[in-house]
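In the working numbering, the protein residues as written are 2 to 137. Think of the CB as a built atom: it goes at the ideal place given N, C-alpha and C, for glycine as much as any other residue. Please read these numbers as outputs of a predicted model, since none were measured by experiment. Below: one structure, written as structure tokens.
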Amino acid sequence: MATTFHVELITPEKHLFSGEVVHVRAPGAGGDFGVLANHAPMVAGLGAGRLQIDFTGHKEEYAISGGYFTVENNKAIILAETCTRKEDINLEQARLQKTEAHKRLESAATPAEREEARAAVQRASALVTVAEHKHG
């Protein structure tokens with residue numbers, strides 16, 4: 002049996018998950034990273050992308066954006082700005098959000114507008130990526 006560790010998944014709106022897992026793969030600000038049981042302590046910034054949580058026998062996927070991932074004493078805390086379960090993503094709506102965000106980015110007049118539009122593109126892209134991803 003695989004060694005597990007405890008994970009908490011939290012957003013500003015709610016506590017999404019608390020339990021024992023085998024592996025977590027997360028979108029770090031500088032690239033994806035994975036965590037197993039007995040990982041060294043760390044704090045990492047999160048980017049937008051696919052969060053995969055592996056349990057014994059099954060996996061769950063989420064689209065997340067922004068936040069922090071901490072690990073210490075066999076416990077990981079994922080504080081995400083946004084987080085949507087794969088099963089809750091409407092692919093057509095996510096594609097529309099991505100198209101609209103690209104339009105806002107193209108028409109942005111100020112640096113602040115460009116940054117907000119860029120973040121919206123990344124959030125929508127994460128939703129589309131997760132919704133389209135096939136296990137395997």
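Checklist line | Length of the line joining the Cα atoms of Ala-38 and Leu-97 | finding: So the alpha carbons of these two residues sit roughly 39 Å apart.
Next item on the list: Determine the contact status of Leu-17 and Cys-84, defining contact as a CB-CB distance below 8 Å.
Entry: yes
Next item on the list: With Ala-81 as the anchor, note down where its alpha helix (DSSP H) starts and where it stops.
Entry: Looking at the DSSP string, Ala-81 is not in any alpha helix (DSSP H); the run it does join, the beta strand (DSSP E), is 76-86.
Next item on the list: Alpha carbon to alpha carbon, how far is Gly-58 from Gly-29? Give it in angstroms, no decimals.
Entry: Straight-line spacing of the CA atoms in Gly-29 and Gly-58 works out to 25 Å.
Checklist line | Length of the line joining the Cα atoms of Thr-4 and Ile-78 | finding: 18 Å
Margin query: Comparing C-alpha positions only, which one of Ile-65, Leu-47, Glu-133 sits nearest to Glu-93?
Written below: Glu-133
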